[in-house]
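Below is one structure, written out as structure tokens, with a few remarks after it.
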Amino acid sequence: MNDYLQSTFGLAGRTALVTGAARGIGLAIARALGLAGARVAVNDLRAEACAAAVAQLQAEGIAARAACFSVADAGAVAAAQQALQAAGWDVDTLVHNAGNQNRKPLEDMLPAEWQQLMEVHVNGAFHCARTFLPAMRARGFGRLVLMSSVAGQATMPLIAAYATAKGAVAAFTRAVAVECGGHGITANAIAPGFVRTAFTAGLQQREGFEDFLRTAVPAGRWASPEDIAPVVLFLVSPAAGFVNGQTLAIDGGMLARM
Ligand SMILES: NC(=O)c1ccc[n+]([C@@H]2O[C@H](COP(=O)([O-])OP(=O)(O)OC[C@H]3O[C@@H](n4cnc5c(N)ncnc54)[C@H](O)[C@@H]3O)[C@@H](O)[C@H]2O)c1
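Pasting the structure below:
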């Protein structure tokens with residue numbers, strides 16, 4: 029990487045935590061940040077899944093370590109932050125990507141099921157931001173990217189809880205940006221369209237969905253995790269130092285379509 033690219037998009041000396049990074053979009057983000065020079069802590073729910081992702085990243089020359097916890101558990105997030113700090117990993121770059129889904133009619137959704145989505149997307153964002161922000165504030169530098177979705181801005185049947193949670197993530201991102209922007213911290217959200225991962229396995233099987241995508245998405249195709257990860261790299265890079273409080277759609281033009 030030449031000096032210009034290093035000073036604009038390079039992440040040498042940075043320490044990132046990516047939640048929900050054992051697979052899918054999160055793993056692609058961890059890989060992108062790592063290849064740009066950051067050390068990457070890989071979070072997910074299961075220790076074996078974290079270890080496998082870490083091994084995969086290390087095989088590509090990336091400095092990676094596992095940080096296994098549920099983002100929905102405030103105590104576990106705090107314990108992970110302490111363990112990382114004790115190991116000399118002071119997180120300056122937080123990507124809250126972990127997410128869950130439960131597609132069903134609104135009237136059939138139980139309060140506990142609704143709550144499960146809020147716990148991961150919304151409370152998870154809060155627990156992670158609240159835990160990792162103080163050190164960023166003390167350092168006078170920090171980068172947060174939170175995972176919203178096009179579903180936070182436009183929706184479809186059966187995803188009321190998910191749409192609500194993703195809208196809240198975008199609102200929370202603006203709150204962090206406004207409250208912490210004076211301390212060298214930026215917070216931005218991304219809003220992917222339909223990405224081909226295990227998360228959308230049901231949609232990938234659904235009859236007629238490919239036709240819907242060809243009509244609804246000007247790009248006419250699914251996104252891949254590799255369409256999403258470089259945008260996160262941009263948002264946490266020096267190049268995006270004056271981008272704050274935004275929710276950036278990565279949707280092949282879907283939301284722009286009349
Ligand atoms: N795939 C899409 O079309 C799409 C579109 C827009 C937004 N998103 C969002 O992108 C993010 C990643 O999605 P993906 O497609 O890679 O899905 P995925 O299911 O492949 O990955 C999500 C990861 O999050 C982990 N996770 C779930 N709950 C967790 C918790 N409490 N603590 C820690 N980790 C947890 C899962 O174990 C999994 O590894 C999610 O927030 C999702 O809502 C996905």
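Take 29 as the starting number for the sequence shown in this note's numbering and just add one per residue. Ideal placement from N, C-alpha and C gives every residue a C-beta, glycine not left out.
Legend entry - Rounded C-alpha distance that separates HIS149 from LEU55: To locate residue 149, count along the sequence shown from 1; it is residue 121. To locate residue 55, count along the sequence shown from 1; it is residue 27. Rounded to the nearest angstrom, the two C-alpha atoms are 17 Å apart.
Inset, instruction - Could you please give the first and the last residue of the uninterrupted beta strand (DSSP E) stretch that includes GLY170? - result: Locating residue 170 in the sequence shown gives position 142, where the first residue counts as 1. Start and end: 170 to 175.
Inset, instruction - List the DSSP bridge partners of PRO139. - result: The residue given as residue 139 occupies position 111 in the sequence shown. PRO139 is not bridged to any residue.
Legend entry - Cβ separation of VAL70 and ALA58, assumed to be a contact under 8 Å, to the nearest whole Å: The count along the sequence shown starts at 1 and reaches residue 70 at position 42. The count along the sequence shown starts at 1 and reaches residue 58 at position 30. Yes, they are in contact, since the Cβ atoms of VAL70 and ALA58 sit about 6 Å apart, within 8 Å.
Inset, instruction - In the DSSP assignment, find the beta strand (DSSP E) that holds LEU276 and state where it starts and stops. - result: Counting from 1 along the sequence shown, the entry for residue 276 is found at position 248. Start and end: 275 to 278.
Legend entry - Residue span of the alpha helix (DSSP H) that contains VAL82, given as start and end: In the sequence shown, the residue the question calls residue 82 occupies position 54. Residues 75 to 87.
Legend entry - Cβ separation of ASN125 and ALA40, assumed to be a contact under 8 Å, to the nearest whole Å: Mapped onto the sequence shown, residue 125 falls at position 97. Mapped onto the sequence shown, residue 40 falls at position 12. Going by Cβ atoms, the distance from ASN125 to ALA40 rounds to 22 Å, so no, they are not a contact pair.
Inset, instruction - Mind reading off the beta-carbon distance from PHE227 to GLN129? Whole number of angstroms is fine, and I expect it under 8 Å. - result: By 1-based counting over the sequence shown, the position of residue 227 is 199. By 1-based counting over the sequence shown, the position of residue 129 is 101. Rounded, the Cβ-Cβ distance is 6 Å, consistent with contact.
Inset, instruction - Consider the C-beta atom of PHE225 and the heavy atoms of ligand 1; say whether any pair is separated by less than 8 Å. - result: Indexing the sequence shown from 1 puts residue 225 at position 197. Note that residue 225 is Thr in the sequence shown, not Phe. Yes, the Cβ of THR225 comes within 8 Å of a heavy atom of ligand 1.
Legend entry - Three-state secondary structure (DSSP) of ARG202: Mapped onto the sequence shown, residue 202 falls at position 174. Correct three-state label for ARG202: helix.
Legend entry - Range of the contiguous alpha helix (DSSP H) that encloses ARG153: For the purposes of this step, residue 153 is taken as residue 125 along the sequence shown, with counting starting at 1. This sequence places Ala at residue 153; Arg is not what is there. Segment 152 to 167, the alpha helix (DSSP H) holding ALA153.
Inset, instruction - Report yes if the C-beta of PHE200 is less than 8 Å from at least one heavy atom of ligand 1; otherwise report no. - result: Against the sequence shown, residue 200 aligns to sequence position 172. Checking the Cβ of PHE200 against ligand 1 gives no.
Legend entry - Through-space distance from GLY89 to TRP173, alpha-carbon basis: Start at 1 with the first residue of the sequence shown, and residue 173 comes out as number 145. Start at 1 with the first residue of the sequence shown, and residue 89 comes out as number 61. Checking the sequence shown, residue 173 turns out to be Val, not Trp. Each residue's Cα considered, the two are about 24 Å apart.
Inset, instruction - Give the secondary structure of ASP255 by DSSP, where H, G and I count as helix, E and B as strand, and everything else as coil. - result: Stepping through the sequence shown from its first residue, residue 255 is reached at position 227. It is helical.
Legend entry - Length of the line joining the Cα atoms of VAL260 and ALA196: Taking the sequence shown and counting its residues from 1, the one referred to as residue 260 is at position 232. Taking the sequence shown and counting its residues from 1, the one referred to as residue 196 is at position 168. Whole-angstrom Cα-Cα distance: 19 Å.
Legend entry - Alpha-carbon to alpha-carbon, GLU207 and GLY168: Within the sequence shown, residue 168 is the residue found at index 140, counting from 1. Within the sequence shown, residue 207 is the residue found at index 179, counting from 1. Rounded to the nearest angstrom, the two C-alpha atoms are 13 Å apart.
Inset, instruction - Could you check which residue in LYS194, MET282, VAL46, ALA217 has the C-alpha nearest to that of ARG249? - result: Taking the sequence shown and counting its residues from 1, the one referred to as residue 249 is at position 221. Minimum Cα distance to ARG249 is reached at MET282.
Legend entry - Residues sharing a beta bridge with LEU45, DSSP: Within the sequence shown, numbered from 1, the residue matching residue 45 stands at position 17. Answer is ALA69, LEU122, bridged to LEU45.
Inset, instruction - Measure the alpha-carbon distance for ALA95 versus LEU112 and round it to whole angstroms. - result: Taking the sequence shown and counting its residues from 1, the one referred to as residue 95 is at position 67. Taking the sequence shown and counting its residues from 1, the one referred to as residue 112 is at position 84. If I take the Cα positions, the gap works out to 8 Å.
Legend entry - Residues near VAL245 by beta carbon distance below 6 Å, same chain, minus five either side: Your numbering for residue 245 matches position 217 in the sequence shown. So the list reads GLY280, MET282, once near-sequence residues are dropped.
Inset, instruction - Would you mind stating whether MET175 and VAL123 have Cβ atoms separated by less than 9 Å? - result: Here residue 175 refers to the residue found at position 147 when the sequence shown is read from its first residue. Here residue 123 refers to the residue found at position 95 when the sequence shown is read from its first residue. Cβ distance < 9 Å, so MET175 and VAL123 count as in contact.
Inset, instruction - Would you check whether ligand 1 has a heavy atom nearer than 8 Å to the C-beta of GLU147? - result: For the purposes of this step, residue 147 is identified with residue 119 of the sequence shown, where counting begins at 1. Within the cutoff, so yes.
Inset, instruction - With DSSP as the reference, label ARG59 as helix, strand or coil. - result: Taking the sequence shown and counting its residues from 1, the one referred to as residue 59 is at position 31. Reduced to three states, the DSSP call for ARG59 is helix.
Inset, instruction - Alpha carbon to alpha carbon, how far is SER35 from GLY221? Give it in angstroms, no decimals. - result: As a position in the sequence shown, residue 221 is number 193, starting the count at 1. As a position in the sequence shown, residue 35 is number 7, starting the count at 1. If I take the Cα positions, the gap works out to 30 Å.
Legend entry - Residues bridged to ALA215 (per DSSP): Position 187 of the sequence shown, counting from 1, holds the residue named residue 215. Answer is LEU172, bridged to ALA215.
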